[in-house]
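> Before I ask anything, here is the structure I am working with.
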Amino acid sequence: KRGERGTFHRLLFMMSIFDIIRTLAMTITPFLLPEDGGGGRVFALGTDETCRAMGFVKQLSSGAFLYNTALAIHYLLTIVYGISSRKIARHIEIWFHAIILCFCVATATVGVSLDGVFGEEELGLECWVNTYPDECESDPSQTCHGWLIGWIFWGVPCFLCFALILVFNSLIV
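Residue numbering for the sequence shown follows this note's numbering, starting at 383 and increasing by one per position.
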């Protein structure tokens, strides 16, 4: 009986890990924002590099909502389709982990390796995808790609999760 509940617990554990990472990142963000030199931020002690590191951590933590989606798929397969948890553990669970971990690590790595993708956002409240390349807003010969990167890194996965919710609701009702 313990093995049958393993998939649920492993998915929930991984979701919790990513959620803890996100929570810690949000907690220390005000301290790791770049100092602006004008005294506008009292507790900002960071640099552009710490901001890029926070962008990496925040992108990595996107696994929390992806694992939430994996849990929803697990429920759909077990409750609606009657697939045993043991069968899910043998054939499907590895794909949940592989896809989620690869997406999170790949997008976080791409974001930090492309110089200038992760930076302080325009509102100055956190570090994540910013204008890319850096001077694209002031140089008309450059095209800004920050919005596209933001959609790929966060918007598309959120849209897919929402679409899955709609599909699951139509299957259950």
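Yeah, the Cβ is synthetic: ideal placement off N, Cα and C, and Gly gets one too. Note that the coordinates shown come from a computational prediction; the quantities given were computed from them, not determined experimentally.
Tell me whether cysteine 509 sits in a helix, a strand or coil according to DSSP, three-state version.
Counting from 1 along the sequence shown, the entry for residue 509 is found at position 127. In this structure, cysteine 509 counts as strand in the three-state DSSP scheme.
> Near valine 424, what residues of its chain come up, given a Cβ to Cβ distance below 8 Å and the 5 sequence neighbours on each side ignored?
Counting from one through the sequence shown, the residue named residue 424 turns up at place 42. Once the five neighbours on either side are set aside, valine 424 has no close Cβ partner at all.
> To the nearest angstrom, how far is it from the Cα of threonine 561 to the Cα of proline 539?
Summary: the structure shown does not reach residue 561, with the chain confined to residues 383 through 555, and so no result is reported for it.
> By the 10 Å Cβ neighbour count, where 16 or more other Cβ atoms means buried, how is glutamate 475 classified, buried or exposed?
Residue 475 sits at position 93 when you count from the first residue of the sequence shown. Glutamate 475 comes out buried.
> How far does the alpha helix (DSSP H) with glutamate 431 in it reach, from first residue to last?
Your numbering for residue 431 matches position 49 in the sequence shown. Glutamate 431 -> alpha helix (DSSP H) spans 430 to 442.
> For glutamate 502, which beta-bridge partners are listed by DSSP?
Mapped onto the sequence shown, residue 502 falls at position 120. Its beta-bridge partners are Cys509.
> What distance in whole Å lies between the Cβ atoms of phenylalanine 478 and leucine 393, which are believed to be in contact at a cut-off of 8 Å?
Position 11 of the sequence shown, counted from the first residue, corresponds to residue 393. Position 96 of the sequence shown, counted from the first residue, corresponds to residue 478. Yes, leucine 393 and phenylalanine 478 are in contact; Cβ-Cβ is about 7 Å, under 8 Å.
> Can you list the alpha helix (DSSP H) stretches of 4 or more residues lying completely in the stretch 453 to 482, in chain order?
Within the stretch 453 to 482, the complete alpha helix (DSSP H) runs of at least 4 residues are 467 to 473.
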